[in-house]
Amino acid sequence: SCDASQLCNCSSMGLDFIPLGLTAKITVLNLAYNRIKRIQSQVLQQAVNLRTLLLQSNKISSIDEDSFQSLAKLELLDLSNNSLAHLSPLWFGHLFSLQHLYLQGNSYRDLGQSSPFSSLRNLSSLHLGNSRLSVIRQGNFEGIELLHKLWIDGSNLSQYEQGSLKSIKAINHMIINLRNSNIFSEIVRDTLYSVTWLEVTEIKLPFENKSLVQNSTGPFRIQKLTFKEAFVTDQTLSQAIMLLKEISSLKVLEAINCVLEGKGRWNTEEIARSGESFVETVTIIKVMIQNFHLFFDLEGMESQITRLKRLTIASSNVFMVPCNLAKNFLSLLYLDFHDNLLVNNRLNETICKGSWPSLQTLNLSQNSLKSLEQTAEYTSRLPNLNNLDISQNNFGEIPDACEWPKHLKYLNLSSTQIPKVTKCIPPTLEVLDVSGNNLKEFGLQLSFLKELYLTRNQLKTLPGAAPIPNLVALSIRRNKLNSFSKEEFESFRRMELLDASDNNFICSCEFLSFIQHEARLAQVLVGWPDRYVCDSPLAVRGAQVGAVHLSLMECHRSLMVSLICVLVFLVILLLVAVGYKYHMVWYLRMTWAWLQAKRKPKRAPPKDVCYDAFVSYSENDSDWVENTMVRELEQACPPFRLCLHKRDFVPGKWIVDNIIDSIEKSRKTLFVLSEHFVQSEWCKYELDFSHFRLFDENNDAAILVLLEPIQSNAIPKRFCKLRKIMNTKTYLEWPAGEEQQQVFWENLKGALKS
1 SCDASQLCNC SSMGLDFIPL GLTAKITVLN LAYNRIKRIQ SQVLQQAVNL RTLLLQSNKI
61 SSIDEDSFQS LAKLELLDLS NNSLAHLSPL WFGHLFSLQH LYLQGNSYRD LGQSSPFSSL
121 RNLSSLHLGN SRLSVIRQGN FEGIELLHKL WIDGSNLSQY EQGSLKSIKA INHMIINLRN
181 SNIFSEIVRD TLYSVTWLEV TEIKLPFENK SLVQNSTGPF RIQKLTFKEA FVTDQTLSQA
241 IMLLKEISSL KVLEAINCVL EGKGRWNTEE IARSGESFVE TVTIIKVMIQ NFHLFFDLEG
301 MESQITRLKR LTIASSNVFM VPCNLAKNFL SLLYLDFHDN LLVNNRLNET ICKGSWPSLQ
361 TLNLSQNSLK SLEQTAEYTS RLPNLNNLDI SQNNFGEIPD ACEWPKHLKY LNLSSTQIPK
421 VTKCIPPTLE VLDVSGNNLK EFGLQLSFLK ELYLTRNQLK TLPGAAPIPN LVALSIRRNK
481 LNSFSKEEFE SFRRMELLDA SDNNFICSCE FLSFIQHEAR LAQVLVGWPD RYVCDSPLAV
541 RGAQVGAVHL SLMECHRSLM VSLICVLVFL VILLLVAVGY KYHMVWYLRM TWAWLQAKRK
601 PKRAPPKDVC YDAFVSYSEN DSDWVENTMV RELEQACPPF RLCLHKRDFV PGKWIVDNII
661 DSIEKSRKTL FVLSEHFVQS EWCKYELDFS HFRLFDENND AAILVLLEPI QSNAIPKRFC
721 KLRKIMNTKT YLEWPAGEEQ QQVFWENLKG ALKS
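Note that full-length UniProt numbering numbers the sequence shown so that position 191 is 191, with each residue one more than the last.
Structure below.
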């Protein structure tokens, strides 16, 4: 049950005893909420480095005297809520380092005849007492000199020996649960010189009608007195006011969750005769007054409030302060009336002319104010007011102009249901809070504004910086802000804090680039980086803005598309150039022609043969072919039938199909070879088809006529079989002399007949 720091958590394990084998490595041991009944000697002997021992909420009724003897380094010991029937000084005799000791919630009825804490010189906080504690004796706290906090459950304390707490020289905060008011008076007398803050719960006044200071003389130490869940009546409250005025050091008086039975019918004359009060701060929270609407106006208490500087009356159904009373708060600087029943009509009486003359801070939040214009008018009667909180009132509307205190610097209008901001907002403000109002824009000219709070609105952009040039802090949390630019951010030249968290950010490339590379931004943004999360794109939804990195394609989509288009165009251009250079078009066309030819029979049926020869020649050689060769062969006896492309090709038919059909319908193919022939594109196709169709069949259907000498390197290399045939077979050459020409024609006719 121990972690790396040697904190051992064995709580709520149903243990009946402290585990054996504890070593010096353990620093924290939590054995709370088990069923341990006894702490035996030796069981903690080896845990010499233990600093925290938690044993609360067990069933411990017995502790051996030397159980804690080896725990000289122990700083915190919690034995609360067990069954200890007595406390022994021997338990704590060797706990020289102990600072915090919790003993409340056991069953002991007293603290013994002497002090169980005499050796605890470093003790800082002590909690003790229970519902059975009935006696505190003189000497029970001997040995303790200084305490930061002393908590005593004395709800049934019936006997307190005078001087029991005097041995403690200083207690910063003492809390005592006490119902016996007489014992309270004795405790106050004992702690006048030691306690700074005394807090009393569940007491029922009245005090005994004796002086709280008696023969004691100042200066006293006690400065703050708090009553919680106390019960008073009009009579006992009057008595308490007069008795507490004797404590000249008392500056702060608090009453929390108390009950006042009465209507304010106090003995004001006697209170006035007892002199002025030294209290400067009064805080009253959740005081219940039955029939509060019948409460008196406290006439006659004017002399008791002139020195008061701070007054808080919250959650106590206050609906009005009489004008005459309000005028006598001459020194009051701070007034808090939040969570009460103030309405505009009664506010006119509460803040009448000449009332609260020194007031600087006023809190009227969570009341029932309906008119912002009237509220502004009434508060303008306070000449020194500079801080005003009227949040959580349902104003609903805001006028175009308002009259405010001349020196107002702070205004809280949050959660007041105002639909917009107008020039009703005073131009003197340094701090403005308009959170929670569903505002869609903010464009007020506020030259002195330093802090602006726009949380929980509907703003989609940061407010303009020009109207608020001196802004230091801006909160625009939980709005509809999608992003903000570098220009928007840098326009706030004095910005030190920006809270834009909890918005649905669109993590665009521009936004991410700015927010991740702006060095000053991490120091300015509140809640960075945990509370800045992307809402879109979908792939990064829920991720922290600072951790998102989009790809180059996502960030520069249009540029990438343009680059891809350019690359595709260049590739196509390159393919066209390569195809042209290496005759790729020719290969494709001839492959298609070859595939078509392959699907046809190798030989056309005899009845389909229409010509003796298909003549393939270049257009540049057409004069010799048409005027010399055709006349010689077609006028021979018997005449030969020749197929010429100019004359016999079918109009409208694809030229390649015409070539294929003509060759297939001819017994021979006659090629008139020349330099022009090997440079002709269509002659290449005709020659190529013969290459595929005729040469592959190993027959003599092709007749080559060499019209002029041709260099072998002029024949395209792709016609390797043609080159081979010309090197291995005889071909006819057109002679220059007429005698040889006659032999040429005879040989050609013989070849055509074969």
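Even for Gly, the Cβ is constructed at its ideal location relative to N, Cα and C. Since this is a predicted model, take the numbers as computed values, not measurements.
For residue i versus residue j, is the C-beta distance shorter than 8 angstroms?
i, j, result
"Gln6", "Ile26", "yes"
"His86", "Tyr108", "yes"
"Val705", "Phe671", "yes"
"Ser475", "Leu454", "yes"
"Met174", "Thr201", "no"
"Asn106", "Ser134", "no"
"Leu325", "Leu369", "no"
"Leu225", "Ile203", "no"
"Lys668", "Asp608", "no"
"Leu707", "Trp624", "yes"
"Pro537", "Cys507", "yes"
"Ser62", "Asn81", "no"
Report the option in the options whose CA atom is closest to the CA atom of residue i.
i, options, result
"Asn470", "Arg477, Gln445, Lys460, Ser485", "Gln445"
"Gln417", "Tyr378, Leu452, Gln458, Glu451", "Gln458"
"residue 756", "Asn180, Trp151, Ser158", "Look at the range of the chain in this structure, 1 to 754, and you will see that residue 756 is not part of it."
"Ser12", "Tyr33, Leu29, Pro19, Leu157", "Tyr33"
"Leu372", "His293, Ile183, Ile398", "Ile398"
"Glu377", "Ile36, Glu708, Ile425", "Ile425"
"Leu128", "Gly154, His148, Ile144", "Gly154"
"Asn317", "Asn627, Leu341, Lys210, Asn328", "Leu341"
"Ile271", "Leu481, Ser551, Ser303", "Ser303"
"Gln392", "Ser380, Asn482, Val434", "Val434"
"Phe442", "Pro427, Leu462, Glu430, Leu559", "Leu462"
"Phe514", "Leu429, Glu490, Asn658, Asp499", "Glu490"
Could you tell me whether the Cβ of residue i comes closer than 8 angstroms to any Cβ of chain D?
i, result
"Met553", "Any reference to chain D falls outside this structure, which holds one protein chain only."
Quick one: grab the DSSP three-state call for residue i.
i, result
"Tyr108", "coil"
"Asn412", "strand"
"Lys149", "strand"
"Lys753", "helix"
"Asp389", "strand"
"Ser185", "helix"
"Tyr617", "coil"
"Leu15", "coil"
"Ile506", "strand"
"Ala702", "strand"
"Met629", "helix"
"Asp499", "strand"
"Val343", "coil"
"Asp433", "strand"
"Asn180", "coil"
"Asp535", "strand"
"His127", "strand"
"Leu84", "coil"
Less than 6 angstroms between C-beta atoms, sequence neighbours within five positions excluded: which residues of the same chain meet that for residue i?
i, result
"Ser70", "Gln45, Val48"
"Trp266", "Asp234, Ser238"
"Ala543", "Cys534"
"Lys263", "Leu294, Phe295, Phe296"
Where do the N-terminal and C-terminal ends of the beta strand (DSSP E) with residue i fall, by residue?
i, result
"Leu90", "Careful: Leu90 lies outside any beta strand (DSSP E) and carries neither H nor E."
"Phe677", "Where Phe677 is concerned, there is no enclosing beta strand (DSSP E), although the alpha helix (DSSP H) it sits in stretches over 675-679."
"Glu261", "259-261"
"Ile284", "281-285"
"Thr226", "224-228"
Once you ignore the five residues that flank residue i on each side, which residues in its own chain have a CB closer than 8 angstroms to its CB?
i, result
"Leu333", "Lys309, Arg310, Ser358, Leu359, Gln360, Thr361"
"Ala736", "none"
"Val343", "Phe319, Asn367, Ser368, Leu369, Lys370"
Whose C-beta lies closer than 7 angstroms to the C-beta of residue i among residues of the same chain, with five residues either side of it excluded?
i, result
"Val259", "Phe231, Met288"
"Trp745", "Glu632"
"Tyr193", "Phe220, Arg221"
First and last residue of the alpha helix (DSSP H) that includes residue i?
i, result
"Ala519", "Premise fails: Ala519 is in no alpha helix (DSSP H) and is neither H nor E."
"Asp661", "655-664"
"Gly579", "557-581"
"Thr375", "372-379"
"His645", "645-648"
"Ala314", "No alpha helix (DSSP H) contains Ala314, which is instead part of the beta strand (DSSP E) from 310-314."
"Ser238", "234-244"
"Leu53", "Element bounds for Leu53: not the alpha helix (DSSP H) but the beta strand (DSSP E), 52-54."
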